[in-house]
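Protein chains in written order, with the working numbering: chain A, 370 to 749; chain B, 71 to 231.
We treat Cβ as the ideally placed atom computed from N, Cα and C, and that holds for glycine.
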Amino acid sequence: MRREVAIISYAQTPYEADANASREMQVLKVAREALQAAGLKQEDRYTVVTANNDYLDGRTISNMRLVEPAGAWMKNESKAEMDGAYAALYGLWRILSGDHDVALIIGESQASVYARWLPGIMMFDPTFDRQRWLLNEASAAALQARAYMNAFGISGEQVAGVAAKNLDNASLNPLAHNKLAGADAAKVLGSRMLYDPLTEMMMAPYCDGACAMVIAAGELAEKAERPVWIRGVGFAHDSYLTERTLKEMNSLRLAAEKAYAMAGISDPSSQVDLAEVHENFAHEELMAYEALGFCGKGEGGAFFDSGVTRRDGKLPVNVSGGATGANVVCATGLARIIEAAMQIRGDAEGRQVAGVKTAVATGQTGPCAQESVVFVLGGE
Amino acid sequence: MAEMEYKKETRSVEGSWPMEHWSWKFESIALISKTREAFKEKKLLGLKCPGCGLVYFPPKPYCRCMSEPDEWVEVKQQGTITTYTFTGAWAYEGIKEEEGPAGEPLIIVGVNFDGSDTLTVCTLGEAKPEEVFVGMRVQLKWPENIEGRLDDIAHVVPLRE
Ligand SMILES: [Zn+2]
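Written out as structure tokens, the structure is:
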């Protein structure tokens with residue numbers, strides 16, 4: 370990379386189904402905490418990128434009222450209307466340009482204030498699909514799950530196992546809200562059928578929350594305690610869901626290849642110590658194993674069965690509980706980056722995995738994970 | 071501190087924001103009109119891309135290769151199911167249970183009609199969920215009265231040869 374850029378601080382609200390706080394106060398808390406932890410004050414020089422969404426916020430220009438809580442007063446702030454992982458990407462670019470040394474990245478939304486199923490319908494093609502009223506994010510994900518499971522012989526137990534793992538992992542994460550200690554595949558399979566083959570517990574329910582992260586280059590990064598270096602990034606977009614294969618995540622594969630090349634990773638399954646992936650539905654984590662090169666094409670189910678991705682495995686995935694534990698639209702991918710950084714720094718408390726030196730985090734948006742961002746992070 | 075006044079609505083203004091529908095613009099109008107006229111003749115028309123040869127059905131006037139698909143080609147009314155799902159006993163928020171046949175799961179299928187390269191999302195009739203499979207051959211089932219509506223091609227049934 371043109372400059373060495375590090376994550377030097379972060380903050381997350383607890384994630385809740387219905388937070389007793391406005392979005393502005395949630396953002397204020399995480400922005401202030403992240404700046405303080407980085408040794409920065411509002412009057413210091415930094416740039417701000419937020420991730421939020423007009424539609425979910427119920428107003429246009431939804432970052433307009435976030436200027437003050439986001440610490441952006443009299444600074445250059447702009448927003449990414451996708452996932453916070455994109456906000457992190459844009460902040461990184463500002464630093465790589467040489468114009469800035471420090472960027473504050475924020476992701477937030479509050480699912481409790483909007484009809485949470487509605488945006489999942491509005492994203493589809495308006496000419497044909499939206500008028501049919503057949504596609505929503507859950508039915509689309511089910512079509513993706515079926516295409517993947519059918520192509521590679523992935524079982525419902527394997528998909529349910531991923532959800533159970535993440536629900537159990539979330540029970541160790543005090544910030545997560547969707548958790549179940551000791552969850553097992555039978556319990557997940559026995560929950561209400563959503564769209565076959567996906568049951569209710571295989572979906573990562575939307576919730577309220579905010580997270581923030583400070584990234585820096587130069588003096589601040591060099592002087593930082595335990596900086597987490599951004600070793601590689603990649604991102605890619607695929608086409609609309611009816612015009613591409615649903616059995617593979619090609620945008621994630623391409624993004625990972627770019628990020629690995631930048632980070633000097635040639636054998637991800639042995640060089641990556643831990644991953645945090647953005648799985649809106651449990652089967653997507655299995656597909657991500659393949660796209661991230663942790664296992665071969667079609668081997669996601671067997672790879673999961675080997676136990677490698679459990680929190681005591683060789684390559685733990687979603688030790689935080691992942692999106693299953695807490696899914697905040699516009700923040701979920703950024704939270705993955707933060708959780709991965711926490712593991713490298715040794716800040717993860719009860720969910721800390723020993724010896725994490727290199728970690729991967731992903732952010733995905735769009736129906737059936739159309740767009741993907743991959744970050745590769747490393748310690749000293 | 072003064073008691074906060076809560077209102078269910080912050081302010082009401084007259085007007086509409088057509089989120090459920092769409093303001094159709096030139097290409098969409100031309101494309102839908104052509105498609106619907108073809109339905110009246112029991113024909114499916116797709117658009118072929120001059121740049122990469124991809125045939126879009128439903129038709130679409132822009133391609134990922136950045137060319138403009140402009141050649142109307144007839145697409146077959148038989149196709150293959152490439153993926154499917156069916157609704158459970160519980161309805162996902164916003165999608166009402168009543169919208170499926172009473173007591174029967176609604177089977178949603180992605181159909182690749184022969185001669186096209188994309189999926190059409192349809193419902194499958196005359197089959198039970200346990201009878202559906204990826205690779206299943208299906209055919210379009212036209213309604214009794216074809217009015218040139220997008221819903222004319224909403225349903226497929228197992229192919230009887
Ligand atoms: Zn083309």
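Near ligand 1: residue i beta-carbon under 7 Å from a heavy atom
i: Arg-134(B); result: yes
i: Gly-116(B); result: no
i: Gly-467(A); result: no
i: Ser-137(B); result: yes
i: Gly-121(B); result: yes
i: Leu-124(B); result: yes
Contact set between residue i and chain B, taken where Cβ atoms lie within less than 7 Å
i: Phe-497(A); result: Pro-128, Leu-220
i: Gln-334(A); result: As shown, chain A starts at 370 and ends at 749. That puts residue 334(A) outside it, with no answer to give.
i: Leu-504(A); result: Val-191
i: Phe-542(A); result: Correcting the residue type first, residue 542(A) is Asn in the shown sequence and not Phe. Chain B residues near Asn-542(A): none, gap ~26 Å exceeds 7 Å.
i: Glu-535(A); result: It is Asn, not Glu, that sits at residue 535(A) in the sequence shown. Here the premise fails: no neighbours, minimum Cβ distance about 20 Å.
i: Ser-508(A); result: Thr-155, Ile-178
Listed by chain order, chain A residues near residue i by CB distance under 8 Å
i: Arg-134(B); result: Ser-608, Glu-612
i: Tyr-154(B); result: Leu-512, Arg-515
Contacts of residue i in chain A (Cβ-Cβ under 9 Å)
i: Leu-189(B); result: Leu-512, Leu-610, Thr-611, Glu-612, Leu-615
Partner residues on chain A for residue i, Cβ-Cβ distance less than 7 Å
i: Thr-157(B); result: Tyr-564
Residues that residue i contacts on chain B, provided the C-beta gap is smaller than 8 Å
i: Ser-524(A); result: Per Cβ cutoff of 8 Å: no residues; Ser-524(A) is ~15 Å from chain B at best.
i: Asn-538(A); result: Simply none; closest approach about 25 Å.
i: Asn-649(A); result: Simply none; closest approach about 14 Å.
i: Asn-547(A); result: Near Asn-547(A) there are no residues of chain B at all, since even the closest Cβ is about 16 Å away, more than 8 Å.
Partners in chain B for residue i, counting only beta-carbon separations shorter than 9 Å
i: Asn-696(A); result: Those within 9 Å of Asn-696(A) in chain B number zero; the least Cβ separation is about 15 Å.
i: Val-389(A); result: One detail in the question is off: residue 389(A) reads as Asn in this sequence, not Val. Ordered by position in chain B, no residue passes the 9 Å Cβ test against Asn-389(A), which lies about 13 Å from the chain.
(request) Any chance you could list the alpha helix (DSSP H) runs of at least 4 consecutive residues sitting entirely within the segment 99 to 125 of chain B, in chain order? (result) With a minimum length of 4 residues, no continuous alpha helix (DSSP H) run stays inside the segment 99 to 125 of chain B.
(request) Mind checking the segment 400 to 434 of chain A against chain B and listing, in chain order, the residues whose C-beta falls within less than 7 Å of any C-beta there? (result) Cβ contacts with chain B come from no residue of the segment 400 to 434 of chain A.
(request) Check distances from the C-beta atoms of the segment 557 to 570 of chain A to those of chain B and list, in chain order, the residues that come in under 9 Å. (result) For the segment 557 to 570 of chain A, the set of residues with a beta-carbon nearer than 9 Å to any beta-carbon of chain B comprises Arg-561, Met-562, Leu-563, Tyr-564, Asp-565, Pro-566, Leu-567, Thr-568, Glu-569, in chain order.
(message) At a CB distance below 8 Å, what residues from the segment 96 to 115 of chain B approach chain A? Give them in sequence order.
(response) Taking 8 Å as the Cβ-Cβ cut-off, the segment 96 to 115 of chain B approaches chain A at Ser-98, Leu-101, Ile-102, given in chain order.
(message) I'd like the ranges of any alpha helix (DSSP H) spanning at least 4 consecutive residues and lying wholly in the segment 553 to 601 of chain A.
(response) Along the length of the segment 553 to 601 of chain A, whole alpha helix (DSSP H) runs at least 4 residues long occupy 554 to 558, 588 to 592, reported in chain order.
(message) What are the residues in the segment 179 to 213 of chain B lying within 9 Å of chain A by C-beta distance?
(response) So the close ones are Val-179, Gly-180, Asp-187, Thr-188, Leu-189, Thr-190, Val-191, Cys-192, Thr-193, Pro-199, Phe-203, Val-204, Gly-205.
(request) Identify every run of the alpha helix (DSSP H) within the segment 396 to 455 of chain A, keeping only runs that are complete inside it and at least 4 residues long; order them along the chain. (result) Whole alpha helix (DSSP H) segments, 4+ residues: 423 to 426.
(message) Ignoring anything shorter than 3 residues, give me the beta strand (DSSP E) runs that lie fully in the segment 643 to 677 of chain A, in order along the chain.
(response) Listed in chain order, the complete beta strand (DSSP E) runs (minimum 3 residues) inside the segment 643 to 677 of chain A are 643 to 645.
(request) Quick one: which unbroken alpha helix (DSSP H) runs of 4-plus residues sit fully inside the segment 683 to 715 of chain A? Chain order, please. (result) Runs found: 691 to 694, 701 to 714.
(message) Which complete beta strand (DSSP E) runs does the segment 463 to 491 of chain A hold, if anything under 3 residues is left out?
(response) Secondary structure within the segment 463 to 491 of chain A: the beta strand (DSSP E) runs of 3 or more consecutive residues, fully enclosed, are 471 to 479 (chain order).
(request) Using a Cβ-Cβ cut-off of less than 8 Å, give me the residues of the segment 443 to 467 of chain A that come near chain B, in sequence order. (result) Taking 8 Å as the cut-off between beta carbons, none of the residues of the segment 443 to 467 of chain A comes near chain B.
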